Structure formats: structure tokens, C-alpha cells
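For any residue, its number in the numbering used here is found by taking its place in the sequence shown, counting from 1, and adding 121. All residues carry an ideal CB built from backbone N, CA and C; glycine is no exception. These figures come from a predicted structure and were not determined experimentally. Structure first, then comments.
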Amino acid sequence: MTTDPIWIIGDLQGCNTPLHQLLHHPDIAQDRNARFWFAGDLVNRGPDSLQTLRTIMALGERATCVLGNHDIHLLAVAAGMKKPGKSDTFHDVLAAPDSAGIIDWLRHRPLLHREHHHILVHAGILAPWSADKAEALAREVEHALRGPRWKTVLERIYGNEPDHWSEQLDEVKRLRVIVNSMTRMRMCRLDGSMEFSHKDAPDGRDGLVPWFDVPGRVLDDHTVVFGHWSTLGLMIRPDAICLDTGCVWGRQLTALRMHDHRLVQVTCPAFRQPKAAE
Numbered sequence: 122m123t124t125d126p127i128w129i130i131g132d133l134q135g136c137n138t139p140l141h142q143l144l145h146h147p148d149i150a151q152d153r154n155a156r157f158w159f160a161g162d163l164v165n166r167g168p169d170s171l172q173t174l175r176t177i178m179a180l181g182e183r184a185t186c187v188l189g190n191h192d193i194h195l196l197a198v199a200a201g202m203k204k205p206g207k208s209d210t211f212h213d214v215l216a217a218p219d220s221a222g223i224i225d226w227l228r229h230r231p232l233l234h235r236e237h238h239h240i241l242v243h244a245g246i247l248a249p250w251s252a253d254k255a256e257a258l259a260r261e262v263e264h265a266l267r268g269p270r271w272k273t274v275l276e277r278i279y280g281n282e283p284d285h286w287s288e289q290l291d292e293v294k295r296l297r298v299i300v301n302s303m304t305r306m307r308m309c310r311l312d313g314s315m316e317f318s319h320k321d322a323p324d325g326r327d328g329l330v331p332w333f334d335v336p337g338r339v340l341d342d343h344t345v346v347f348g349h350w351s352t353l354g355l356m357i358r359p360d361a362i363c364l365d366t367g368c369v370w371g372r373q374l375t376a377l378r379m380h381d382h383r384l385v386q387v388t389c390p391a392f393r394q395p396k397a398a399e
């Protein structure tokens with residue numbers, strides 16, 4: 122384990138004031154050389170997407186961020202491949218004088234980060250994937266988003282099908298499954314295929330299970346830390362940790378220190394009720 126503590130922070134969704142409070146909380150501020158992992162969805166639905174990105178960017182190499190579905194949506198809108206929705210609140214990012222540089226910084230964030238037997242990802246890891254496999258697949262998406270055809274990639278990765286992994290998938294479908302699993306997945310069928318309509322907490326109905334409880338999961342030697350699931354909320358297990366505690370919904374922003382699972386939470390002001398949980 123590194124001598125520098127690592128604090129892992131759940132979904133921000135443009136809530137910069139709670140982030141500022143969290144970073145200056147005495148328990149976190151005393152870790153002077155702390156590093157910060159952010160579980161994706163840095164922007165959207167909250168009031169301060171631009172300032173939230175500036176706060177994180179100012180941390181420099183101390184910050185590691187993985188892409189969430191809202192971050193990818195911002196990239197797609199910035200690329201002209203998607204239109205902003207009525208509930209989107211990242212217009213401040215698009216209107217910023219340095220918007221191009223910010224978007225470039227965002228599209229160079231990883232989809233997955235792996236360190237100290239922990240995997241940081243926004244949503245989850247499909248059951249057939251080992252840590253090595255998941256990391257390699259994430260690199261395929263990262264390479265595509267960082268390349269000269271990144272706008273075209275964003276135009277083609279949207280969609281719910283296919284809903285399962287296969288080595289025989291063509292390039293576009295392959296990237297789509299990787300992105301969907303790592304940024305959108307919550308529930309799966311018992312065969313491991315993804316189901317995207319269920320956004321509530323697991324209830325055992327319809328033959329669905331959380332992705333981390335799919336039978337036969339290959340990944341059993343790492344702890345997967347994720348967000349994306351505010352209706353699940355705080356969950357700490359040896360194999361999976363959820364840190365999305367509904368900051369943008371007026372609940373809490375949560376940070377967890379990796380080596381001892383020390384928790385710090387700040388209460389978030391209610392901004393507005395997003396129209397969808399995703």
C-alpha cells in the first residue's frame with residue numbers, strides 16, 4: 122500500500138460546494154499528501170459543472186478520475202453528436218472561454234483505474250472479465266476517445282444492444298458493450314446480460330441481480346469501487362464498494378479512505394430533482 126493515503130469520492134454531478142467542503146474536511150485535510158479518486162459523473166444535473174471540473178483539474182496529478190455516463194454525454198454534446206437534454210446543466214462548460222481545453226482534458230480521463238488490488242470504475246465490471254481483461258478493454262475505449270476520430274466514436278457507441286459480451290463482436294458493438302458495462306450497468310440477468318431499465322435498489326424481482334452478484338464472476342481478487350447507483354447508496358463489501366450517496370439529490374457526498382475505510386460525508390443542499398436516476 123502506498124504511503125500516501127487515497128480518498129475515493131462518489132458521484133459529484135456538478136456539486137462543487139460539497140466537494141470543496143469535503144476536500145477541506147479536517148479528517149481529509151490532515152492527509153497533506155492525499156490522492157483523490159473520483160468515481161465518475163463529475164458533471165451534470167448539479168449547479169456548478171464548470172467549477173467542479175476546475176476544482177478537480179487544479180488538483181493535478183493528485184486526482185484520478187474515471188469517466189461516467191454523464192461525462193461521456195457531455196463529450197458527445199461538445200462533439201455535436203448529441204443534443205443537450207432539458208435536464209442537462211453543463212452549459213457553463215460548453216460556454217467557457219477555455220471549453221476546448223476542458224473537453225480535451227475530460228476525454229483523456231481513463232474509463233478504469235487499477236491500483237492496490239482496487240479497481241475504480243463508474244458502474245461495474247461484467248462477470249466474464251478478469252482484472253487484466255477489464256483493464257485491457259477499458260484501454261480500447263480510452264484509445265478511441267483520445268484519437269482523431271473521437272467524435273465519430275461518440276456518435277456510434279450509444280444503444281442498449283448488444284447486452285452481453287462476446288469476443289466475436291465487431292468494433293462498434295465491442296466498444297458499446299465496454300462503455301455500457303463500465304458507465305451504465307446496474308442490474309443483470311442471471312446469464313450476465315445487462316438490463317438497463319431497472320434503476321431502483323435491488324429488489325429480487327424479474328430474475329435480476331446486481332452486476333456484482335452475477336453467478337460465476339471471474340473477478341474475485343480485486344475490490345471494485347463504483348458510483349452510478351444512488352438508489353443503492355453506500356455499500357461496503359470486500360469485493361465491491363458503492364459510493365454514490367445521492368449528492369445531487371440533496372443527500373450526501375461521500376469519501377472513503379482506501380486503506381482503513383474511514384468515511385467522511387458532507388450533507389448536500391438540494392439543487393433540483395433530476396428527471397432520471399441515470
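- Message: Would residue 131 and residue 365 be called neighbours here (beta carbons separated by less than 7 Å)?
- Response: Cβ distance < 7 Å, so residue 131 and residue 365 count as in contact.
- Message: Can you tell me which residues form a DSSP beta bridge with residue 368?
- Response: Bridge partners of residue 368: none, in fact.
- Item | Nearest to residue 369 (by Cα), restricted to the options 208, 177, 158 and 126 | Closest in C-alpha terms to residue 369, from the list 208, 177, 158 and 126, comes 208.
- Item | residue 296 CB to nearest heavy atom of the ligand NAD below 6 Å | With respect to small molecules bound, the structure shown includes none, and the ligand NAD cannot be examined in it.
- Message: Going by DSSP in three states, residue 286 sits in which element: helix, strand or coil?
- Response: Coil.
- Task: From the DSSP output, read off the bridge partner residues of residue 130.
- Result: In DSSP, residue 130 forms a bridge with 159 and 376.
- Just list the alpha helix (DSSP H) runs in the stretch 204–288, keeping only unbroken ones of 4 residues or longer that don't cross its boundaries, in chain order. With a minimum length of 4 residues, the continuous alpha helix (DSSP H) runs that stay inside the stretch 204–288 are 212–216, 220–228, 252–267 and 271–277.
- With contact counted as at least three CB pairs below 8 Å, one residue from each stretch, are the stretch 241–256 and the stretch 273–280 in contact? The stretch 241–256 vs the stretch 273–280: no contact.
- Message: Going by DSSP, what residue range makes up the beta strand (DSSP E) through residue 388?
- Response: 384–388 is the extent of the beta strand (DSSP E) around residue 388.
- Query: Who are residue 346's beta bridge partners in DSSP?
  - Reply: For residue 346, which the question treats as bridged, DSSP gives the partners 241 and 362.
- Which of helix, strand or coil DSSP assigns to residue 308: Three-state result, residue 308: strand.
- With DSSP run on the structure shown, which of helix, strand or coil describes residue 187? Coil, per DSSP.
- What residue range is occupied by the uninterrupted beta strand (DSSP E) comprising residue 329? Note, residue 329: beta strand (DSSP E), 329–331.
- Query: Is it true that the stretch 210–220 meets the stretch 148–158, where meeting means three or more beta-carbon pairs spaced less than 8 Å apart?
  - Reply: Contact fails: fewer than three Cβ-Cβ distances are below 8 Å.
- Task: Mind checking who residue 193 pairs with in its DSSP beta bridge?
- Result: DSSP output for residue 193 lists no bridge partner at all.
- Item | Strand pairing of residue 315, partner residues [DSSP] | Residue pairing by DSSP places residue 315 opposite 309 in a beta bridge.
- Item | Rounded separation between residue 355 and residue 183 - CA only | Straight across, the Cα-Cα distance linking residue 355 with residue 183 is about 24 Å.
- Considering only residues of the same chain and omitting the five flanking positions on each side of residue 310, which have a CB-CB separation below 7 Å? Here the set comprises 316, 328 and 329.
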